[in-house]
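Under our numbering, the residue at position 58 of the sequence shown is numbered 119, and the numbers go up by one with no gaps. Quick notes on the structure that follows.
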Amino acid sequence: MHVTKESQPPGTIVAVEKGKGIVVSTGQGLLLATRVQFEGEGKLAADVFAERHKIPVGARLGR
Numbered sequence: 062m063h064v065t066k067e068s069q070p071p072g073t074i075v076a077v078e079k080g081k082g083i084v085v086s087t088g089q090g091l092l093l094a095t096r097v098q099f100e101g102e103g104k105l106a107a108d109v110f111a112e113r114h115k116i117p118v119g120a121r122l123g124r
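Right under this line is the structure:
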């Protein structure tokens, strides 16, 4: 995977890495999110969450 910090706006999912998590642009680089958790729910692997909710690469978080 080759992504520069200028490639995507902050919050953009740039990759879903099975067994690892989701890669998100921060505006200053990339962040590998391994787990997500919603209020009142347990933690879930980020890649599993993206797959279950059909969140594609290129989607922006927080919208």
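Here a beta-carbon is modelled for each residue, glycine too, at the ideal position from N, C-alpha and C.
Asked                                                                                           : Found
Distance, Ala-111 Cα to Gln-69 Cα                                                               : 18 Å
For Leu-93 and Lys-81, believed in contact at Cβ under 8 Å, the rounded distance                : 7 Å
Ser-86 versus Asp-108: straight-line alpha-carbon distance, rounded                             : 15 Å
Given Gln-89 as reference, the closest of Gly-72, Gln-98 and Ala-120 once Cα atoms are compared : Gly-72
Buried or exposed by the 16-neighbour rule on C-beta atoms within 10 Å, applied to Val-77       : buried
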